[in-house]
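First the structure, in the form of structure tokens, and then the observations on it.
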Amino acid sequence: MRTIRFLISVYNALKISGAAIPILRFLGDKIIEGINLKKVNYIVKYGLSTGVFTEKLIKRRNLKTIILLVENNKEFYFFTKSKS
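Numbered per the working numbering, the sequence shown spans residues 60 to 143.
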């Protein structure tokens, strides 16, 4: 049942997010490969979705980096929270 609610939420989010599918793991790597996350002091991420990209940011950041994660979609929020 949770998966169905999540998929419905993804469908509804298309109206505002423009993402047809959750980010693939290799795309997440490609997006951040040119960023030196060890030198970044702050990261603000709006829209967690499935959390794949967020996980990559957390793993590659400097431990002193402050990350602010904002999710407006309740289903995406609970999905990501359940993974931690």
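Note that the Cβ used here is the ideal one computed from N, Cα and C, for glycine as well.
Option in the options with minimal Cα separation from residue i
{"i": "Y105", "options": "V99, L116, K97", "result": "L116"}
{"i": "L96", "options": "F85, N121, L107", "result": "N121"}
{"i": "L86", "options": "R64, V129, E114", "result": "E114"}
{"i": "R119", "options": "I63, R64, L128, D88", "result": "D88"}
Range of the contiguous beta strand (DSSP E) that encloses residue i
{"i": "L128", "result": "125-129"}
{"i": "V103", "result": "101-105"}
Distance between beta carbons of residue j and residue i, contact taken as under 8 Å
{"i": "V99", "j": "T124", "result": "6 Å"}
{"i": "S139", "j": "G93", "result": "Going by the sequence as given, residue 139 is Thr instead of Ser. About 25 Å separates the two Cβ atoms, so there is no contact after all."}
{"i": "F112", "j": "I90", "result": "7 Å"}
{"i": "F137", "j": "L107", "result": "Contact doesn't hold; Cβ gap of about 10 Å is too wide."}
Buried versus exposed call for residue i [16 or more other C-beta atoms within 10 Å across all chains shown]
{"i": "N131", "result": "exposed"}
Terminal residues of the alpha helix (DSSP H) in which residue i lies
{"i": "I117", "result": "111-119"}
{"i": "E92", "result": "E92 -> no alpha helix (DSSP H), and no H or E assigned at all."}
{"i": "K133", "result": "133-142"}
7 Å CB neighbourhood of residue i in its chain, flanking five on each side removed
{"i": "K142", "result": "G110"}
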